[in-house]
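Structure first, then comments.
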Amino acid sequence: MTDNLVIVESPAKAKTIEKFLGKDYTVVSSFGHIRDLVRNNLGVEVENNFAPVYEIPEDKKKVVAELRKLADKATTVWIASDEDREGEAIAWHLISVLGLDPGTTRRIVFHEITKDAITRAVESPRQVDMNLVNAQQARRILDRLVGFELSPVLWKKVQPSLSAGRVQSVAVRLLVDREREIIGFIADSALRVTGTFSGTNSEGTDVQLKAECPKKFSTEGEARSFLEKCDASSFTVENIIVKPGTRSPAPPFTTSTLQQEAYRKLGFSVAQTMSVAQKLYEAGKITYMRTDSTNLSTLALNTAREVITNEYGAGYSRTRQFKTHSRGAQEAHEAIRPTYFDRKEVTGNNNEKKLYELIWRRAIASQMADARVEKTTINIGMSASPVSFTATGEVVLFDGFLKVYTESFDINAAEDEKAILPRVDKGMKLIPGTITALQRFTSPPPRYTEASLVKKLEELGIGRPSTYAPIISTIQSRGYVAREDRPGEKRTLAQLTLTKGKITRSEKTEIAGKEKSKLFPKDIGMIVNDFLIANFPDILDYNFTADVEKEFDEIASGEVKWEKMISTFYGPFRKTVDESLATRAKMTGARQLGTDPATGLPVAAKMSRFGPVVQLGEASGEQKPRFANLRRDQLLETITLEEALALFALPRAVGTFEDSEMTVGVGKFGPYVKHAGKFYSLKRGVDDPYTITGERAIDLIREKREGDKQKVISELGDIMVLNGRYGPYIMHDKTNYRIPKGTDPHKLTREECLAIIEKGTKTKSTRGRKKK
DNA sequence: CAGTGAGCGAGCTTCCGCTTGACTT
């Protein structure tokens, strides 16, 4: 039995701390919150001054029972949950659920897991700060009220099972607003002139350089007359400006910046980044991965300095502490960094190695010297025009932190290529080689990626490190947005080239609007967004969270009572909820598109029970209307009459094969060929149901038959041994059974199969299981 | 495994922030 029981939030943390504290202390984990508002109703007694109704969730009962047992035996309980609003609330819930004496229970905090920090914490225990706890309760209750009052309005006015909330609804709004900017964007174009020049410098060396004309020409005619002037011009180096500059490293990672860089450099999704980071954390290789702080412990700063000095020399070391500037940061932890800086690499799978190296580089670079660069701008004047060309280049004089890390950015990196310029002299004559004027289009604002949406949310102070990944997944699982690709469209660019006194016109092509793994708002997301903005503009305001955070801070500092804050918010809010329930019509996003010239029937687009559709004819008409689903890349908001009419082309007949008709359609699982009562899926990204030929359809049928043959390992009467996605398995009576390890599936006899079935090592089917 | 699209009414859905595992046809 131990005298001292220490409770922390995370089990990995518990393991580390136990080592620091020694034999007299038992360190255990609460696995986060142990109590929450009841799950299946409002959980707030509005009439009773908003009293919260708490329960211990099913999956936490075991943890709580264990903690109770240990707490009863211990003489002193130390609660070491994080030092932030949520951590304080966890401490209070623990005291109340475990029946601890608030007077003798010791609340301790540390921001870093180092022996020093923990020893200091143990030396200065305090009591639970009830103001901070109340700020958390206000946050929790506000979120519950908003979520559980708004969502039912959507069930009645839009569709069942939808959701709304302080965080998710604003995340969707960002995407919808951006999409509308893109829809409304009209690309402008101008011709940009670049040229190559050569000459001989004062050292007698022949040099070549590329320069750009800062003036853009809106028409081909203007560009042509400029090229004519170039042809009649002589060129001279007019000015050389050399400017020294420095570049500084980025701070070590927080959750949000880790997610952004892992996406840009490694192509990880936000969820993937977190799960790989979790593995590294559990293995003790990195510090905690859910943090908003860029702070490093003194120990970390010192070891980083040692490693940098040993590896690169003292001149590369520069110890620095970064200030966290993100809105609403609570800084309960350190920045994300390697636990041991002297480990440049770790064992583990490929993703773990890659992410670790990224974290190592970023953290080490943050403790390294600035890079010194020299930026050079050369102005090239021309005799026949006041316009001049400029060549820019950058030379790194001292690489500093660039030796280990360069931050990536979302903007097109090819735009500002940094060339090394040759030595030229003022007054030097230059002879033009080729001068080209190429048409360039302006681009619409970029669509969000998962990571850039997290960045934006963090800037607005919306969401927390522990919720960024879940937010991204919630708005996708509700169908509000989807991560998709777009092939883009070909676009023609005009090009004028001046060589040897002759101007020739040619055309180039580029792909515009190509997208890879971007977040696209879907129709239901846009409809819900518009409904919420029309009825609850305050909550959908980008500053709503920042505003209520200020009030939570006032509760935390004891200036305001939490019940007062909630009641001030709830009164008007509840009134708006009731009004919109009473007065608003159901929202379907319906649009009249025109009349079908073939039948004279009206064509409309709207949200149906099962998704966005176009409709030909009316329900009140003589004939039942025809329906067709929109394609994934179409929106109710932008679909045209022509596009709608094309959708009615399916299902279509594509010929006969083995005396049976083949028809192509789009079903529950995507486009298919139907033949003799069987279905064959079209290849995604290859086949298009609107244009696929009969020949290709026959190919698909044959291919599928061939594949099915290989799936069967053996047939033993009514028992089949099959090859599946997760290896071989046995199928009998529509149930699948796992084959024990070390068994050769090819040699299985019927008797052996029956024995396996008898044992009942069933694989649980996910089919028919209810979603949680 | 390859639909549906109306309307009625029962009973269900839903929030945000702390934490980990469980889980594969």
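With the numbering used here as the guide, the letters of the first sequence map in order to residues 362 to 1133. Heads up, the beta-carbon is just placed ideally off N, CA and C, and yes, glycines get one too. All values reported here derive from a predicted model rather than from experimental measurement.
Contact set for G404: own chain, Cβ-Cβ below 7 Å, skip 5 residues either direction: For the purposes of this step, residue 404 is identified with residue 43 of the first sequence, where counting begins at 1. Counting only Cβ-Cβ distances below 7 Å, and skipping sequence neighbours, we find L398, P413, V414, R505.
Top-ranked residue by Cα proximity to K571, from F750, Y386, A482, L758: What you label residue 571 is simply residue 210 of the first sequence in a count that begins at 1. Nearest option by C-alpha distance: F750.
C-alpha distance - K513 paired with S524, whole-angstrom precision: Counting from 1 along the first sequence, the entry for residue 513 is found at position 152. Counting from 1 along the first sequence, the entry for residue 524 is found at position 163. According to the sequence displayed, residue 513 carries Pro and not Lys. So the alpha carbons of these two residues sit roughly 8 Å apart.
From Q691, M743, Q953, I916, residue whose alpha carbon lies closest to that of L588: For the purposes of this step, residue 588 is taken as the residue at position 227 of the first sequence. In this structure, M743 is the residue among Q691, M743, Q953, I916 with its C-alpha nearest to the C-alpha of L588.
P1050 burial status per 10 Å Cβ neighbour count (16 or more: buried): Taking the first residue of the first sequence as 1, we reach residue 1050 at position 689. It is buried - the Cβ of P1050 has at least 16 other Cβ atoms within 10 Å.
Distance, N365 Cα to E419 Cα: The residue you call residue 419 lines up with position 58 of the first sequence. The residue you call residue 365 lines up with position 4 of the first sequence. Cα to Cα, the separation comes out at about 28 Å.
CB of Q620 within 9 Å of CB of V815, strictly: Against the first sequence, residue 620 aligns to sequence position 259. Against the first sequence, residue 815 aligns to sequence position 454. Cβ distance < 9 Å, so Q620 and V815 count as in contact.
Which listed residue (A745, S1021, R666) has its alpha carbon closest to that of F762: The sequence position of residue 762 within the first sequence is 401, counting from 1. Of A745, S1021, R666, the residue nearest in Cα terms is R666.
Sequence-distant residues of the same chain with beta carbon closer than 7 Å to M1092, five excluded per side: The residue labelled residue 1092 in the question sits at position 731 within the first sequence. So the qualifying residues of the chain are M1081, L1083.
Nonlocal neighbours in the same chain, by C-beta distance under 6 Å from F629, ignoring five residues either side: Position 268 of the first sequence, counted from the first residue, corresponds to residue 629. Hits under 6 Å: A623.
Whether E912 touches M926 by CB criterion (9 Å): Residue numbering aside, residue 912 sits at position 551 when the first sequence is read from its first letter. Residue numbering aside, residue 926 sits at position 565 when the first sequence is read from its first letter. Yes, the Cβ-Cβ distance between E912 and M926 is below 9 Å.
Beta-bridge pairing of N896 - partner residues as DSSP gives them: Locating residue 896 in the first sequence gives position 535, where the first residue counts as 1. N896 pairs with nothing; no bridge assigned.
Proximal residues to I1059 (C-beta, below 6 Å), its chain only, five neighbours per side dropped: On the first sequence, residue 1059 is found 698 positions in, with the first residue counted as 1. Excluding residues within five positions, the ones whose Cβ falls inside 6 Å are F1018.
Residue burial classification, H394 (beta-carbon count within 10 angstroms, cutoff 16): By one-based count along the first sequence, residue 394 stands at place 33. With 16 or more other Cβ atoms within 10 Å, it is buried.
Straight-line gap, P882 to T680 (C-alpha atoms, nearest Å): Against the first sequence, residue 882 aligns to sequence position 521. Against the first sequence, residue 680 aligns to sequence position 319. Our two residues, P882 and T680, have alpha carbons roughly 44 Å apart in a direct line.
Beta-carbon gap between L627 and E713 smaller than 9 Å: Residue mapping note: residue 627 aligns to position 266 of the first sequence, counting from 1. Residue mapping note: residue 713 aligns to position 352 of the first sequence, counting from 1. Contact flag unset, no.
Rounded separation between L1011 and P898 - CA only: Your numbering for residue 1011 matches position 650 in the first sequence. Your numbering for residue 898 matches position 537 in the first sequence. Each residue's alpha carbon lies about 41 Å from the other.
Per DSSP, cross-strand counterpart(s) of Y673: Residue numbering aside, residue 673 sits at position 312 when the first sequence is read from its first letter. Residue pairing by DSSP leaves Y673 without any beta bridge partner.
E573, buried or exposed, once every other Cβ within 10 Å from all chains shown has been counted against 16: Stepping through the first sequence from its first residue, residue 573 is reached at position 212. By the 10 Å Cβ count, E573 comes out exposed.
Reduced DSSP category for K922 - H, G, I as helix; E, B as strand; rest coil: Position 561 of the first sequence, counting from 1, holds the residue named residue 922. DSSP places K922 in coil when its eight states are reduced to three.
Under the three-state DSSP convention, the category V734 falls into: Residue mapping note: residue 734 aligns to position 373 of the first sequence, counting from 1. V734: strand per DSSP, three-state reduction.
K421 classed as buried or exposed, judged by whether at least 16 other C-beta atoms fall within 10 angstroms: The count along the first sequence starts at 1 and reaches residue 421 at position 60. Counting the other Cβ atoms within 10 Å of the Cβ of K421 gives 16 or more, which makes it buried.
Beta-carbon spacing of R722, T607 below 9 Å: Working through the first sequence from its first residue, we reach residue 722 at position 361. Working through the first sequence from its first residue, we reach residue 607 at position 246. In this structure, R722 lies away from T607, with their beta-carbon atoms at least 9 Å apart.
Nearest-angstrom Cα separation, counted from E449 out to P612: Indexing the first sequence from 1 puts residue 612 at position 251. Indexing the first sequence from 1 puts residue 449 at position 88. Their Cα atoms are separated by approximately 28 Å.
The beta strand (DSSP E) enclosing Y1098, as first and last residue numbers: Along the first sequence, one-based indexing puts residue 1098 at 737. Taken as a continuous stretch (DSSP letters only), the beta strand (DSSP E) holding Y1098 covers 1096–1099.
Close Cβ partners of R987 (< 8 Å) along its chain, the five nearest in sequence each way excluded: Mapped onto the first sequence, residue 987 falls at position 626. Non-local beta-carbon contacts of R987 in its own chain, meaning distances under 8 Å to residues more than five positions away in sequence, involve Q976, L977, G978, F1009 in chain order.
With 16 other Cβ atoms within 10 Å as the buried cut-off, status of S769: The residue given as residue 769 occupies position 408 in the first sequence. Answer is exposed; the Cβ neighbour count stays below 16.
Neighbour-count burial assignment, M968, 16 or more Cβ in a 10 Å radius: Along the first sequence, read from residue 1 onward, the residue named residue 968 stands at position 607. So M968 ends up on the buried side.
Alpha helix (DSSP H) segment containing K816, residue limits: Counting from one through the first sequence, the residue named residue 816 turns up at place 455. Secondary structure note for K816: its alpha helix (DSSP H) is the uninterrupted segment 811–820.
Anticipated Cβ contact below 8 Å, M729 with V765, distance rounded: For the purposes of this step, residue 729 is identified with residue 368 of the first sequence, where counting begins at 1. For the purposes of this step, residue 765 is identified with residue 404 of the first sequence, where counting begins at 1. Under the criterion of beta carbons closer than 8 Å, M729 and V765 qualify as touching, at roughly 7 Å.
Burial state of E776 (16 or more Cβ within 10 Å): Locating residue 776 in the first sequence gives position 415, counting from the first residue. A caution first: E776 carries a pLDDT of 46, below 50, which makes its placement in the model too unreliable to give a value.
C-alpha gap between T616 and K476, whole angstroms: To locate residue 616, count along the first sequence from 1; it is residue 255. To locate residue 476, count along the first sequence from 1; it is residue 115. T616 and K476: Cα-Cα distance of roughly 24 Å.
Cβ-based burial, E735 [other Cβ within 10 Å; buried from 16]: Within the first sequence, the letter at position 374 stands for residue 735. Exposed, since its Cβ has fewer than 16 Cβ neighbours within 10 Å.
Delimiting residues of the alpha helix (DSSP H) encompassing P365: As a working note, residue 365 is residue 4 in the first sequence. The identity of residue 365 in the sequence shown is Asn, whereas the question assumes Pro. Unbroken run through N365 is the beta strand (DSSP E), 365–369; no alpha helix (DSSP H).
Strand pairing of I440, partner residues [DSSP]: The sequence position of residue 440 within the first sequence is 79, counting from 1. According to DSSP, I440 bridges with I368, R468.
Contact belief for H472 with E444 at Cβ below 8 Å, rounded distance in angstroms: The residue labelled residue 472 in the question sits at position 111 within the first sequence. The residue labelled residue 444 in the question sits at position 83 within the first sequence. The C-beta distance from H472 to E444 rounds to 7 Å, short enough to meet the 8 Å contact threshold.
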